[in-house]
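Take -18 as the starting number for the sequence shown in the working numbering and just add one per residue.
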Amino acid sequence: RFGSHYVYYHCTKRRVPRCPEPSVAATVLEMQFAGFLATTTLPDELHEWALGQLKSKALARQEKLSEQVRSVEHAIADCNRRSETLIDMRARALIGDEEFKRKHEEAYRERTRLEEALAGQRRSATTWFEPARTVISFCNRAASWFAEGTDEEKRLIMRAVGSNLTLKQKIVSVQARKIYRHVPRRASFPELRAFVENIRKFAANGDTEEPLAAIRKLEVLRSERLNQEKSHRRNSKSRSEEVPRVVRKAA
-18 RFGSHYVYYH CTKRRVPRCP EPSVAATVLE MQFAGFLATT TLPDELHEWA
32 LGQLKSKALA RQEKLSEQVR SVEHAIADCN RRSETLIDMR ARALIGDEEF
82 KRKHEEAYRE RTRLEEALAG QRRSATTWFE PARTVISFCN RAASWFAEGT
132 DEEKRLIMRA VGSNLTLKQK IVSVQARKIY RHVPRRASFP ELRAFVENIR
182 KFAANGDTEE PLAAIRKLEV LRSERLNQEK SHRRNSKSRS EEVPRVVRKA
232 A
């Protein structure tokens, strides 16, 4: 149609030079993507509950970690006292060089092991919460953001949520990433608790890095677009308010 703009996608034929799949309209693909995202969307009421549950888990694990840290710190202090005692005993010739060296090295190795364990515990306490919260919130927003997003934003959303996209007979098939495969659609507390715990484990193990990179890039692009739109509306309003004043002055 004159003046209309249509977008179609087709196979690049890089892997299958004679791919028989026909081109498909972008609007058709987007409708299918929207349907897929609907299956991975966390409803508003469940979203708030999941965030609260995640925070409770974080607080509980922080309390448990604090106890573990205190225990390790006491063990490190004990190693330091043992080293100081050995030095004192050697200075007073109460033990020989070989015994001093052996026991001192044992205390050093034990202190090093404990310090590494302590550093690991502290890292694990602070690295999983924010990624997990980002993923859970994105489960709630992905579908609505897709509906109003630009083409680049929509691509990032699908990259964050799906993988192994295939197209056959104009029907797109998307495999949800592991972190989105068990999003609860109803208020089943066992399912909700399992979902939150799975997200926490994925975040703690670093399995959310790829989708998180897409989500963070998406958030930047979306924020820039919304700011530009807000600035444009403000400028348009200012120009519309100036027109009557100019007209009255000319009259």
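We put the CB at the ideal spot given by N, CA and C, even for glycine.
**Contacts around Val177, its chain only, beta-carbon distance under 6 Å, and the 5 residues preceding and following it disregarded** = Ala31, Gln34 and Leu35
**Same chain, Cβ closer than 6 Å to Ala184, five either side skipped, listed in chain order** = Trp109, Pro112 and Ala113
**Request:** Would you be able to state if there are at least three C-beta pairs under 8 Å between the stretch -13 to -3 and the stretch 88 to 102?
**Result:** no
**Request:** For Ala128, count neighbouring C-beta atoms within 10 Å of its own C-beta (all shown protein chains included) and say buried if the count is 16 or more, exposed if not.
**Result:** exposed
**Prompt:** CA-CA distance, Phe17 and Lys211?
**Reply:** 30 Å
**Request:** Find out if the Cβ-Cβ distance for the pair His28, Asn121 is shorter than 8 Å.
**Result:** yes
**Asked** Is it right to say Arg62 is buried, meaning 16 or more other beta carbons lie within 10 angstroms of its own, or is it exposed?
**Response** exposed
**Request:** Taking only the alpha-carbon atoms, compute the straight-line gap between Pro3 and Arg136 and give it to the nearest angstrom.
**Result:** Each residue's Cα considered, the two are about 21 Å apart.
**Message:** Tell me the residue span of the beta strand (DSSP E) that contains Gly143.
**Reply:** From DSSP, the beta strand (DSSP E) with Gly143 extends over Gly143 to Lys149.
**Message:** Taking 7 Å as the limit between beta carbons, can you name the residues of its chain near Thr131, skipping five residues before and five after?
**Reply:** Arg206
**Asked** Gln156 bridges to which residues according to DSSP?
**Response** Ser144
**Asked** Between Arg92 and Ile68, is the Cβ-Cβ spacing less than 8 Å?
**Response** no
**Request:** Quick one: measure Cβ to Cβ for Thr66 and Val164, integer angstroms, because I've assumed they're closer than 8 Å.
**Result:** Actually they do not touch by this definition, with Cβ atoms about 57 Å apart.
**Prompt:** Using DSSP with H/G/I as helix, E/B as strand and the rest coil, what is Asn179?
**Reply:** helix
**Message:** Once the 5 residues before and after Glu191 are set aside, which same chain residues still bring their CB inside 7 Å of it?
**Reply:** none
**Request:** From the DSSP output, in three-state form, read off Ala74 for me.
**Result:** DSSP places Ala74 in coil when its eight states are reduced to three.
**Asked** Around the Cβ of Tyr(-10), are there at least 16 other Cβ atoms within 10 angstroms (buried) or fewer (exposed)?
**Response** In the assembly as shown, Tyr(-10) is an exposed residue. Its beta-carbon has fewer than 16 other beta-carbons within 10 Å.
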